[in-house]
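Structure, as C-alpha cells:
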Amino acid sequence: MPHFTRVGEVPRKRHTVFRQPDGSLYREELVGEDGFVGDTSLLYHRHPPSALTAIEAVQGPDETLVPNDPMAPLHLALHELPLKGDAVLDRVLLLGNDDLLISYAVATTDSTLHKNSVGDELVYVESGQGVFESTFGRLEVAEGDYVVVPTSTIHRWTVAEGDELRMLVVSAVGHIDPPARYLSARGQFLEGTPYCELDVRRPTELVTGEGTDVGVVVRTRTGLTRHVHRHHPFDVVGWHGGMYPWSFNIADFEPVTGRLHQPPPAHQILEAPGFVVCNFVPRLLDYHPDAVPIPPFHSNVDSDEVLFYAKGSATTRRGTGVGVGSITVHPAGFIHGPHPGNVERALGQERADEYQVMVDTHRPLLVGAAARRCADADYPFTWARLEGSAGA
Numbered sequence: 001m002p003h004f005t006r007v008g009e010v011p012r013k014r015h016t017v018f019r020q021p022d023g024s025l026y027r028e029e030l031v032g033e034d035g036f037v038g039d040t041s042l043l044y045h046r047h048p049p050s051a052l053t054a055i056e057a058v059q060g061p062d063e064t065l066v067p068n069d070p071m072a073p074l075h076l077a078l079h080e081l082p083l084k085g086d087a088v089l090d091r092v093l094l095l096g097n098d099d100l101l102i103s104y105a106v107a108t109t110d111s112t113l114h115k116n117s118v119g120d121e122l123v124y125v126e127s128g129q130g131v132f133e134s135t136f137g138r139l140e141v142a143e144g145d146y147v148v149v150p151t152s153t154i155h156r157w158t159v160a161e162g163d164e165l166r167m168l169v170v171s172a173v174g175h176i177d178p179p180a181r182y183l184s185a186r187g188q189f190l191e192g193t194p195y196c197e198l199d200v201r202r203p204t205e206l207v208t209g210e211g212t213d214v215g216v217v218v219r220t221r222t223g224l225t226r227h228v229h230r231h232h233p234f235d236v237v238g239w240h241g242g243m244y245p246w247s248f249n250i251a252d253f254e255p256v257t258g259r260l261h262q263p264p265p266a267h268q269i270l271e272a273p274g275f276v277v278c279n280f281v282p283r284l285l286d287y288h289p290d291a292v293p294i295p296p297f298h299s300n301v302d303s304d305e306v307l308f309y310a311k312g313s314a315t316t317r318r319g320t321g322v323g324v325g326s327i328t329v330h331p332a333g334f335i336h337g338p339h340p341g342n343v344e345r346a347l348g349q350e351r352a353d354e355y356q357v358m359v360d361t362h363r364p365l366l367v368g369a370a371a372r373r374c375a376d377a378d379y380p381f382t383w384a385r386l387e388g389s390a391g392a
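If you're matching positions, the sequence shown starts at 1 in UniProt numbering and goes up one per residue.
See below:
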C-alpha cells in the first residue's frame, strides 16, 4: 500500500537518536522494496531484531508439484481435505509454479510466528474470525477479508475461541499490489475504481510479545528454516512508512456492470509478477434485452484460470458438484464455459449471487499432492455428461 502511515512512538526525524526510558537507543529497522527505491517503512524495536540464538531446519509439509499431464481441467473439493491445526505449518499446497504457490489451511489453533522471505502473501478468509498479528500491529479478520502480507513481515494468525479460520493463501515471488491502472502517479486510487482507500484497513494498534528464545519459521526459496530470536519480535514501539500489511473485504468491492458481458479485467483487484487476482461479487447482471448474462465459452490462451467458490451459487457449474469450498482449474488450451442447460437457465435473470476469487497465472500451474487427493476425476467430462439433461 503506497500511503504513508504512522503508528505508536516515533522520532521527529528518521535515522536520528531515539532513546528508551532507560536511556538506551531504540533499534531502528528499515524494511523496503526494490532495493529501497520502492515503498519503505521504519520500525523502532526495544531490542536488536537480528539477535538469534539458534538456526534450525524445519520439516515442512509435502510441497512436491507435478505437471498437469495429461492436461485436464480440475475440480478440487477442498472441504473434503482432513485439515486442522496451524495456519502456517499445517497448510497444504494445492497448485504452483515459479511465480506463486496456492495453498489452503483450516486454522484451529494460533499459528507459529512466520515470515515469507520470498514474496508477499495474499490470504483470503473463507470463514471464521481471528486476528492477524505482526510487527506492524494487529488486524482483526473475518469472513470475506483479504489480507496482503508484505515480504518478510513477521506475523501470526490467532483464531477466535471455539472457531476455525478457513484460508486460501496465495504466496507470490514478488509484490502484490493494486492494479497500476487504478492508481494516480502518486499512488491514490482514481475515481471509478471498484475499491479505494476508504475500504482499506491498516494496523493502528501495536501488539506486544513476551519471552525469549522465540522461534520464527522463515520461508526461503529452498524451503523452511526456523530462526530462534533472543527477544520476541513483537517489541516494536512505533513505525512509519508506506510498506505494511493491509486488508479489505470482498463485500466492499463495487462491481462494474454493463448492458453486455464484462470480461474478467473489469473484476480485477490485485496484480503481481506472473499473475492477477480478480473477484466476482453479487451484482446486477447484463441488462441488454437480448443479453446472455453469463460468460461464453472461452480459451485463456495465455493463462491458467483458478476460481475459488467462496460463497453463493456457482451459476455456470450447476449439476457438476462444484459449490462452496470448490476450486476449478481451467488450464490454457482448454475451452471452458457454462455447463449444458445453464445458459438457458440464466436468460432473464437480473442478479448474480456469488462470491468467487479468481487467480489467473501467466505460466502453467503444477499440481500438488493435496490437490490430487481431492480432485473429482469425473469433472473433465461433465460438459458431455450433462448434455442429455440440458433442458432439465
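All C-beta atoms, glycine included, are put in the ideal place defined by N, C-alpha and C.
Tell me where the alpha helix (DSSP H) around residue 342 begins and ends.
Within the sequence shown, numbered from 1, the residue matching residue 342 stands at position 342. Looking at the DSSP string, the run of the alpha helix (DSSP H) that includes residue 342 is 342–346.
Is it buried or exposed, residue 184, if we count other Cβ atoms within 10 angstroms and call 16 or more buried?
Taking the first residue of the sequence shown as 1, we reach residue 184 at position 184. With fewer than 16 Cβ atoms within 10 Å of its Cβ, residue 184 is classed as exposed.
Ordered along the chain, which non-local residues of its own chain (more than five positions away) have a Cβ less than 8 Å from that of residue 71?
Stepping through the sequence shown from its first residue, residue 71 is reached at position 71. Contacts found: 331, 333 and 334.
Within 10 angstroms of its Cβ, does residue 317 collect 16 or more other Cβ (buried), or is it exposed?
The residue you call residue 317 lines up with position 317 of the sequence shown. Label assigned to residue 317: buried.
Spell out a yes or no on whether the segment 243–260 and the segment 13–29 are touching, meaning 3 or more CB-CB pairs, one atom from each, closer than 8 Å.
These segments do not touch.
Roughly how many angstroms separate the alpha carbons of residue 357 and residue 52, rounded to a whole number?
Within the sequence shown, numbered from 1, the residue matching residue 357 stands at position 357. Within the sequence shown, numbered from 1, the residue matching residue 52 stands at position 52. Computed Cα separation, rounded: 39 Å.
What three-state label does DSSP hand residue 314 in the structure shown?
Stepping through the sequence shown from its first residue, residue 314 is reached at position 314. Residue state, collapsed to three classes: coil.
Measuring CB atoms only, is the segment 124–136 touching the segment 150–167, in the sense that at least three cross pairs come out at less than 8 Å?
Because the criterion of three Cβ pairs below 8 Å is met, the segment 124–136 and the segment 150–167 touch.
Distance check for residue 353 and residue 254, CA to CA, integer angstroms please.
Here the question's residue 254 lines up with position 254 in the sequence shown. Here the question's residue 353 lines up with position 353 in the sequence shown. One C-alpha to the other measures close to 14 Å.
Apart from the five residues on each side of it in sequence, which residues of its chain come closer than 8 Å, Cβ to Cβ, to residue 180?
Position 180 of the sequence shown, counting from 1, holds the residue named residue 180. These residues qualify, in order along the chain: 271.
Could you tell me the boundaries of the alpha helix (DSSP H) in which residue 371 lies?
Counting from one through the sequence shown, the residue named residue 371 turns up at place 371. Run containing residue 371: 369–373, per the alpha helix (DSSP H) assignment.
Could you check the C-alpha separation between residue 233 and residue 262 for me, to the nearest Å?
Locating residue 233 in the sequence shown gives position 233, where the first residue counts as 1. Locating residue 262 in the sequence shown gives position 262, where the first residue counts as 1. Each residue's Cα considered, the two are about 46 Å apart.
So for residue 208, helix, strand or coil by DSSP?
The residue you call residue 208 lines up with position 208 of the sequence shown. Residue 208 falls in the coil class under three-state DSSP.
From this set, 197, 89 and 221, which residue's C-alpha is nearest residue 111's C-alpha?
Along the sequence shown, read from residue 1 onward, the residue named residue 111 stands at position 111. Residue 89 is the option with its Cα nearest to residue 111.
How about residue 49 and residue 29: are their beta carbons less than 8 Å apart?
Sequence index remark: in the sequence shown, residue 49 carries index 49 (1-based). Sequence index remark: in the sequence shown, residue 29 carries index 29 (1-based). Against a cut-off of 8 Å, the Cβ pair of residue 29 and residue 49 comes out as a contact.
Where residue 392 and residue 218 are concerned, what is the direct C-alpha to C-alpha distance, given to the nearest angstrom?
In the sequence shown, residue 392 corresponds to position 392, counting from 1. In the sequence shown, residue 218 corresponds to position 218, counting from 1. Low per-residue confidence applies at residue 392: pLDDT is 46, beneath 50, and the placement is therefore not dependable, though the value from the model is reported in the following sentence. Answer to the nearest angstrom: the Cα atoms are 53 Å apart.
Expressed to the nearest angstrom, what Euclidean distance is found between the alpha-carbon atoms of residue 197 and residue 260?
By 1-based counting over the sequence shown, the position of residue 197 is 197. By 1-based counting over the sequence shown, the position of residue 260 is 260. Using only the alpha carbons, I get a separation of about 29 Å.
Taking C-alpha atoms, which residue in 293, 107, 122 and 157 lies nearest to residue 165?
Translated into the one-based positions of the sequence shown, residue 165 becomes position 165. For residue 165, the nearest C-alpha among the options comes from 107.
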